[in-house]
Amino acid sequence: MGHSFAALEEQRLLLQASLDGLKTQAARNKLGQFATPSALAQEIMRCAAALMPAGAPVRFLDPAIGTGAFYAALRTVFPENQVHEAVGFEVDTHYGQPARQLWQETGLDLTLADFTRQPASPRFNLVICNPPYVRHHHLNNDDKARLQLSTIRACGTKMSGLAGLYCHFLGLSHAWMAEGGLAGWLIPSEFMDVNYGQAVKRYLLEQMTLLHIHRFDPSDVQFADALVSSALVWFRKTLPSPDHAVTFSFGGSLSAPKLIRVVPASALAREAKWTRFPATDIRNNDSLPTIADLFKIRRGLATGNNNYFILSNEEIRARALPLECFRPILPSPRYLTTDIVEADAMGLPVLEHRLFLLDVRLSEAEIECRYPRLLAYLEEGKAQGLHEGYLCSHRSPWYSQENRPPAPIVCTYMGRGDAKSGRSFRFILNLSQATVANVYLAMYPRPPLAQALKREPALIRRLWQVLNQITPEQLLSEGRVYGGGLHKLEPKELAKVPACALLSLISN
1 MGHSFAALEE QRLLLQASLD GLKTQAARNK LGQFATPSAL AQEIMRCAAA
51 LMPAGAPVRF LDPAIGTGAF YAALRTVFPE NQVHEAVGFE VDTHYGQPAR
101 QLWQETGLDL TLADFTRQPA SPRFNLVICN PPYVRHHHLN NDDKARLQLS
151 TIRACGTKMS GLAGLYCHFL GLSHAWMAEG GLAGWLIPSE FMDVNYGQAV
201 KRYLLEQMTL LHIHRFDPSD VQFADALVSS ALVWFRKTLP SPDHAVTFSF
251 GGSLSAPKLI RVVPASALAR EAKWTRFPAT DIRNNDSLPT IADLFKIRRG
301 LATGNNNYFI LSNEEIRARA LPLECFRPIL PSPRYLTTDI VEADAMGLPV
351 LEHRLFLLDV RLSEAEIECR YPRLLAYLEE GKAQGLHEGY LCSHRSPWYS
401 QENRPPAPIV CTYMGRGDAK SGRSFRFILN LSQATVANVY LAMYPRPPLA
451 QALKREPALI RRLWQVLNQI TPEQLLSEGR VYGGGLHKLE PKELAKVPAC
501 ALLSLISN
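Numbering-wise, the sequence shown is residues 1 to 508 according to our numbering.
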């Protein structure tokens with residue numbers, strides 16, 4: 001055809017920037033519209049060329065083509081006579097109509113329609129897509145039911161009701177692929193860890209031959225306006241062999257990753273958290289002791305409104321509120337400069353700025369009689385509509401709090417790698433009677449440990465020291481990560497961290 005695809009790609013990039021500028025970031029976030037960077041699209045297409053049979057005719061499909069980043073890469077990487085067909089779908093005419101005009105003379109069949117509603121034609125041997133990252137709560141119930149049914153019909157897998165739209169795009173594409181066809185999906189890496197991703201992983205392991213998952217370094221966000229960590233998933237439409245193994249890589253570039261490991265598919269079927277790879281090896285013994293053997297772990301309490309329910313000592317005095325209706329609470333981790341919280345004679349934390357949580361279960365009539373200043377403060381909260389909020393409206397009385405006793409050790413719930421220690425999570429020895437909010441995980445000793453601590457109270461400090469010797473890699477392999485390097489540990493994830501050294505302390 002003689003087209004200059006390099007020149008057309010330059011036009012596309014200008015067009016993309018112009019069209020993005022006409023939409024708010026919030027609007028694009030809601031629709032999951034995060035354009036693939038041009039350099040990344042070309043790198044992905046070069047990987048596709050290496051995985052395709054040499055010289056094989058290419059029938060290309062992009063179910064969410066946008067302005068055509070992958071199509072431009074296709075025509076740059078593959079010889080013109082090798083591309084026999086190229087089809088794309090785009091639901092948003094804001095991007096699709098200008099893109100169709102841009103590529104109209106290059107052989108691209110770009111349809112302005114919702115891919116999830118199109119009748120399938122199983123003839124494509126190369127499917128490359130960056131699907132819309134629309135979270136489930138932006139899908140109405142009718143759409144969820146329709147998508148679940150369509151995905152079951154397409155690939156035999158029922159996606160969770162919590163699955164994002166990208167999961168359905170991936171499943172629906174099954175019916176469009178030719179046998180032996182290759183697919184490369186640029187999707188959020190969270191499917192590798194979260195519960196709704198189980199169906200996706202089962203599909204990839206049982207109905208496809210999963211080839212390679214490359215996880216991009218979360219500190220190097222692929223999409224500057226999307227707080228997600230991305231993965232590139234390669235697979236073929238063919239049943240896997242019994243001894244099949246999958247390549248996992250991390251960081252660097254697709255052609256030169258920082259880490260790489262080959263994992264048997266049989267091991268992946270038993271592993272709940274795929275983001276452990278390639279940094280860690282296969283679990284060889286599921287009976288190893290974990291933190292859950294010693295501690296019951298609970299998320300800190302959710303107040304309903306921290307600014308209202310958590311007050312400083314100075315604020316309480318200024319309002320003449322009764323201190324006996326408050327209990328101490330640790331500040332947010334970013335304001336806690338120590339990893340050991342000492343206590344005074346009353347059990348209050350020895351901190352420069354003490355915070356207290358309003359937590360009273362007296363009725364308003366009793367409060368009016370005993371603490372009229374506190375009643376006035378509650379009326380201020382009601383005037384703000386706090387009593388009608390989700391959490392407060394489900395409590396009786398609305399100003400009471402969850403039962404979350406002080407825990408001797410707490411762990412931060414979210415964090416980024418500390419520049420000095422390299423640690424994303426902190427274990428804090430809490431010798432005070434302060435409770436914690438939901439930015440912490442509270443660790444309560446189970447009965448055997450509690451009995452040992454009664455006999456030897458100093459043991460808690462040694463346990464805390466051993467917890468802080470757990471490597472960042474061990475913690476991160478159980479947690480999850482988001483774009484920009486933000487890490488998170490849920491209670492069940494912290495509970496799974498190996499704890500052999502902790503148990504040896506108890507036995508000794």
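Note that CB positions come from ideal geometry on N, CA and C, so glycine has one too.
Extent of the continuous beta strand (DSSP E) run through residue i
i      : result
Phe295 : Phe295 to Arg299
Gly184 : Met177 to Pro188
Asp62  : Val58 to Asp62
Leu467 : From DSSP, Leu467 is part of no beta strand (DSSP E) but of the alpha helix (DSSP H) over Leu459 to Leu467.
Arg236 : Ser230 to Arg236
His487 : Leu486 to Lys488
Among the options, the one whose alpha carbon lies nearest that of residue i
i      : options                           : result
Leu288 : Leu19, Gln25, Val497 and Val262   : Val497
Leu170 : Gly181, Cys155, Glu179 and Ser160 : Cys155
Pro349 : Arg327, Asn195 and Ala383         : Arg327
Gln433 : Leu330, Gln474 and Leu475         : Leu330
Arg261 : Arg276, Ser253, Glu271 and Ala272 : Arg276
Leu467 : Pro447, Cys500, Val481 and Leu321 : Cys500
Gly251 : Ile282, Arg270, Ile213 and Thr238 : Ile213
Ala279 : Pro119, Glu473 and Ser230         : Glu473
Leu74  : Ile152, Glu90, Ala26 and Val127   : Val127
Cys167 : Met177, Thr36, Glu379 and Phe191  : Phe191
Leu239 : Leu112, Val233, Ser363 and Ala265 : Ala265
Lys201 : Pro406, Leu378, Lys273 and Gly66  : Lys273
Ala245 : Cys369, Pro63, Trp234 and Gly385  : Trp234
Thr76  : Glu402, Tyr95 and Leu8            : Leu8
Gln82  : Val58, Leu449 and Cys47           : Val58
Leu259 : Ala69, Phe248 and Val360          : Phe248
Ala302 : Leu391, Ala407 and Lys158         : Leu391
Asp281 : His3, Leu210, Thr290 and Leu268   : Leu268
Ala376 : Tyr444, Arg319, Gln33 and Asn403  : Arg319
Leu378 : Asn305, Asn403, Ala442 and Asn313 : Asn305
Gly164 : Asp143, Ile310 and Phe70          : Asp143
Leu441 : Thr67, Ser253, Tyr95 and Ile291   : Ile291
Glu490 : Trp464, Met443 and Gln465         : Met443
Phe509 : Glu368, Gly184 and Ser363         : This structure does not reach residue 509, given that the chain is present from 1 up to 508, and the question cannot be answered.
Arg361 : Leu374, His353, Ser477 and Leu351 : Leu374
Gln118 : Leu172, Ala99, Val134 and Gly96   : Leu172
Beta-carbon gap between residue i and residue j smaller than 9 Å
i      : j      : result
Phe124 : Phe60  : yes
Glu456 : Gly479 : no
Val481 : Pro218 : yes
Leu204 : Leu102 : no
Ile409 : Ile460 : yes
Ser160 : Gln198 : yes
Pro63  : Cys129 : yes
Ser229 : Pro188 : yes
Arg423 : Leu475 : yes
Pro322 : Arg370 : yes
His174 : Gln148 : no
Tyr413 : Arg299 : yes
Leu386 : Leu355 : no
Leu522 : Ile44  : There is no way to answer for residue 522, as the model of the chain reaches only from 1 to 508.
Tyr196 : Leu232 : no
Glu364 : Pro397 : yes
Glu512 : Leu108 : Because the chain spans 1 through 508 in this model, residue 512 falls outside it and cannot be assessed.
Ala120 : Trp176 : yes
Residues bridged to residue i [DSSP beta-bridge criterion]
i      : result
Ser249 : His214 and Ile260
Cys129 : Trp185
Cys500 : Answer is none; Cys500 lacks a bridge partner.
Cys411 : Phe427 and Leu441
Thr280 : DSSP lists no partner for Thr280.
Arg109 : The sequence shown places Asp at residue 109, not Arg. Its beta-bridge partners are Val87.
Val481 : His487
Phe124 : Met177
Thr435 : Ile329
Thr471 : Per DSSP, none; premise fails for Thr471.
Span of the alpha helix (DSSP H) around residue i
i      : result
His94  : Thr93 to Trp103
Gly21  : Phe5 to Gly21
Ile367 : Glu364 to Arg370
Asn141 : Asn141 to Cys155
Ala48  : Ser38 to Leu51
Gly171 : Leu165 to Leu172
Gln529 : Outside the modelled stretch of the chain, which goes from 1 to 508, sits residue 529, for which no answer is possible.
Ser393 : Tyr390 to Ser393
Lys201 : Gly197 to Glu206
Arg75  : Ala69 to Val77
Ser266 : Ala265 to Leu268
Next on the checklist: As an exercise, report each continuous alpha helix (DSSP H) stretch of at least 4 residues that is fully enclosed by the segment 305 to 370, in chain order.
Outcome noted: 306 to 309, 313 to 319 and 364 to 370
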